Amino acid sequence: MAWFSRLSAPSDHQLGRLLNIGTPYLWLGIFFLLPFVIVFQISLAETALAQPPYTRLWEWTEQGVLHIRLNLENFALVFGDELYLAAFLNSLWVALVCSLMCLLIGYPMAYAIATAPERARVPLLMLIILPFWTSFLIRVYAWIGILKPNGLLNNFLISTGLIDSPLTILHTQTAVYIGVVYSYLPFMILPLYANLTRLDMGLLEAAADLGCRPFKAFLKVTLPLSLPGIVAGSMLVFIPVVGEFVIPDLLGGPSSLMVGKMLWTEFFGNKDWPLASAVAISLLALLVVPFVLMQRLQRRMEDAGA
Amino acid sequence: MRQGRWKLYSFLGLGLAFLYVPVLLLVVYSFNESRLVTVWSGFSTKWYGELLQNRQLLDAAWLSVRIAATNATFAMVLGTLAANALVRHGHFRGRGTFELLLTAPLVMPEVIIGLSLLLLFVAMDHAVGWPNGRGFTTITIAHITFSMAYVAVVVRSRLSQMDRSLEEAAMDLGARPLKVYLAITLPLIAPALLSGWLLAFTLSLDDLVIASFVSGPGSTTLPMVVYSSVRMGVSPQINALASIIVLIVSAAVLIAGLSMRQRPTTSGN
Numbered sequence: 007m008a009w010f011s012r013l014s015a016p017s018d019h020q021l022g023r024l025l026n027i028g029t030p031y032l033w034l035g036i037f038f039l040l041p042f043v044i045v046f047q048i049s050l051a052e053t054a055l056a057q058p059p060y061t062r063l064w065e066w067t068e069q070g071v072l073h074i075r076l077n078l079e080n081f082a083l084v085f086g087d088e089l090y091l092a093a094f095l096n097s098l099w100v101a102l103v104c105s106l107m108c109l110l111i112g113y114p115m116a117y118a119i120a121t122a123p124e125r126a127r128v129p130l131l132m133l134i135i136l137p138f139w140t141s142f143l144i145r146v147y148a149w150i151g152i153l154k155p156n157g158l159l160n161n162f163l164i165s166t167g168l169i170d171s172p173l174t175i176l177h178t179q180t181a182v183y184i185g186v187v188y189s190y191l192p193f194m195i196l197p198l199y200a201n202l203t204r205l206d207m208g209l210l211e212a213a214a215d216l217g218c219r220p221f222k223a224f225l226k227v228t229l230p231l232s233l234p235g236i237v238a239g240s241m242l243v244f245i246p247v248v249g250e251f252v253i254p255d256l257l258g259g260p261s262s263l264m265v266g267k268m269l270w271t272e273f274f275g276n277k278d279w280p281l282a283s284a285v286a287i288s289l290l291a292l293l294v295v296p297f298v299l300m301q302r303l304q305r306r307m308e309d310a311g312a
Numbered sequence: 042m043r044q045g046r047w048k049l050y051s052f053l054g055l056g057l058a059f060l061y062v063p064v065l066l067l068v069v070y071s072f073n074e075s076r077l078v079t080v081w082s083g084f085s086t087k088w089y090g091e092l093l094q095n096r097q098l099l100d101a102a103w104l105s106v107r108i109a110a111t112n113a114t115f116a117m118v119l120g121t122l123a124a125n126a127l128v129r130h131g132h133f134r135g136r137g138t139f140e141l142l143l144t145a146p147l148v149m150p151e152v153i154i155g156l157s158l159l160l161l162f163v164a165m166d167h168a169v170g171w172p173n174g175r176g177f178t179t180i181t182i183a184h185i186t187f188s189m190a191y192v193a194v195v196v197r198s199r200l201s202q203m204d205r206s207l208e209e210a211a212m213d214l215g216a217r218p219l220k221v222y223l224a225i226t227l228p229l230i231a232p233a234l235l236s237g238w239l240l241a242f243t244l245s246l247d248d249l250v251i252a253s254f255v256s257g258p259g260s261t262t263l264p265m266v267v268y269s270s271v272r273m274g275v276s277p278q279i280n281a282l283a284s285i286i287v288l289i290v291s292a293a294v295l296i297a298g299l300s301m302r303q304r305p306t307t308s309g310n
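Taken in sequence, the protein lines are chains A and B.
Per this note's numbering, the very first residue in the first sequence carries number 7; after that it's consecutive.
Per this note's numbering, the very first residue in the second sequence carries number 42; after that it's consecutive.
Set out below in structure tokens:
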């Protein structure tokens, strides 16, 4: 009777399907896609002493003429100003350096977990995930107490006699590197682990049987096969770090300018909404390429997995 | 080969130490008597006592918990619907865009999400008079928007690993699709729903940047209070608060982890 019950409820099924797909789609359309259109629009406005503090882009005059005023000055400022250029370049640099450092630290860790005895894997993985759930703000805050001039690290180094006067680490670029690598390391390890556990260990045995030394087998077999995991992990670190605010704000100093902090300052400090919007649009444009790369890769991995 | 493994495990140990030592130090120094957080002067629980006297902080914590719970519930429903649409409804029109919209919140810098949602709320207020100011509602909506993407990831992996024979059996016995979903599918993916709910809850409880953009006067969340206090420097009260949060989150992760440990192929009970 199966065919009968399925046949009898096509309209129900269609409605359910529509609601199932439509509800989350509509939500994301209104609260995730639409906002970007508005940001783009406001990035072309001018600041005004009004509520909200920007000018309207278009106006109907009494003669029925539509006036459109587009202000490109915000973008001219973002692309022409040396401070902004420095902030963009430094953000990209920090994201690049930190992705590489996360990879160098995260790869051996992910490899160790993926090749550990089966019953140890889940607890080890839990240990990697746990800090990701713990408050980000608090984990960054923990480093202030460690890195500041009279902080735990300096106290420790001085008491062991390794140094005489405290090192200045807090409010430098070094502190930003430490904070970012610390906060984003789990994002690198998880996709790498997922990729490495799916690896066919028979291939390594075959390489060993054919007389390949372990390190060479790693370079020739494991590393190329784990490339999707490497790219996925690097993108999960790189993309959000370019726009990071909390870490450069709490751990960084005047020498570690980053775009996320500039945007925050334009918005909250200078109340310049159009300029903040132009910064957001520029940042978004910068991140489109790595994002599309990540998306493609993810789809390819799903196709391979299915 | 043996020696290689030994080196690998030591590296793993060092990496885990790097992840855990800062948080452990934070907890240890929350019991420090001295106001100078980094100089140990004796054991004391007085900062916990002072924490409980801090009206502003407690109000903010209560607001954050309410937002987090509301957010988690909505995000769980929307995230599950989204995961279900992707796993069960094959190639519908606009699937590519849908997947894009569902992945982007996972990596999108928070300053962009925060600013863009604020500008949306302002424009909506102007156009239709809703949400009429900013506060609980706007923060919750903002949190749902990025939390549902995380829930979808968790539920999606569970759904795609699920054994469908039970559902097919029920269908063959004449149960309607909705009934099959409620009676069979939902109990089977319940552990993923619980994990998703807890994840959404902690993400919301943790968010500083997005909430700062979309909150209004009189709606200060816990991270916002922590942030303004941290900007003044380290304070033992914040250490005490951090320790409590670490404790709660560890318990939540443990529950989520244990509930996910059931094999995906076994039944829910």
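Beta carbons are placed, not taken as given, at the ideal position from N, Cα and C, and that holds for glycine.
Bear in mind the structure is a predicted one, so any value in this text is a computation, not a measurement.
- Per the Cβ contact rule, the region 93-107 of chain B is not in contact with the region 199-212 of chain B (fewer than 3 Cβ pairs under 8 Å).
- At a Cβ-Cβ threshold of 9 Å, P277/B and N125/B do not count as neighbours.
- Beta-bridge pairing by DSSP links Y60/A to T53/A.
- Contacts with chain B at 9 Å (Cβ-Cβ) include M241/A.
- A direct Cα-to-Cα measurement between F224/A and T271/A gives close to 47 Å.
- Assignment of beta-bridge partners to E272/A by DSSP yields no partner.
- Here the alpha carbons of N26/A and P114/A stand approximately 42 Å from one another.
- Considering only beta carbons, the part of the region 174-197 of chain A lying closer than 8 Å to chain B consists of Y188, L191 and P192, in chain order.
- Of the residues assessed, R175/B falls on the buried side of the cut-off, its CB having 16 or more other CB atoms within 10 angstroms.
- Residue-level contact check: M207/A does not touch chain B, since none of the beta carbons of chain B fall below 9 Å from its beta carbon.
- In the DSSP annotation of this structure, I225/B is not part of any alpha helix (DSSP H), being labelled neither H nor E.
- Residues of the region 240-255 of chain B with a C-beta atom less than 9 Å from some C-beta of chain A are L240, T243, L244, L246, D247, D248, L249, V250, S253 and F254, listed in chain order.
- Think of a sphere of 7 Å around the beta carbon of F251/A: the chain B residues whose beta carbon falls inside it are E151, V152 and V250, in chain order.
- The secondary-structure analysis by DSSP pairs N96/A with nothing; it has no beta-bridge partner.
- In the DSSP assignment, H130/B falls outside any alpha helix (DSSP H) and carries neither an H nor an E.
- Nearest CB-CB separation between T166/A and chain B: not below the 9 Å threshold.
- For L34/A, a Cβ of chain B is located within less than 9 Å of the residue's own Cβ.
- Sequence-ordered contacts of the region 210-230 of chain B with chain A read M212, D213, G215, R217, P218 and L219 [C-beta pairs closer than 7 Å].
- Residue-level contact by beta carbon fails for N173/B and chain A, as no gap is shorter than 9 Å.
- Excluding sequence positions up to five before and after T203/A, its CB lies within less than 6 Å of the CB of A120, all in the same chain and listed in chain order.
- For L72/A, the enclosing beta strand (DSSP E) has its first and last residue at L72 to I74.
- Its Cα nearest to that of V250/B, the residue D255/A stands out among D206/A, D255/A and S240/A.
- Segment contact: the region 63-79 of chain A against the region 225-239 of chain A, fewer than three CB-CB distances shorter than 8 Å; contact not assigned.
- Contact with chain B is absent for K226/A, since none of that chain's Cβ atoms lies less than 9 Å from the residue's Cβ.
- If the five residues before and after A291/A are omitted, its C-beta is found closer than 7 Å to no C-beta atom of its own chain.
- Check the Cα spacing between L229/A and each of N80/A, L210/A, L216/A and A82/A: the tightest is with L210/A.
- Taking 9 Å as the threshold, the shortest C-beta distance from V169/B to chain A does not fall below it.
- Interface annotation for the region 184-196 of chain B against chain A: I185, T186, F187, M189, A190 and A193, criterion Cβ-Cβ distance under 9 Å.
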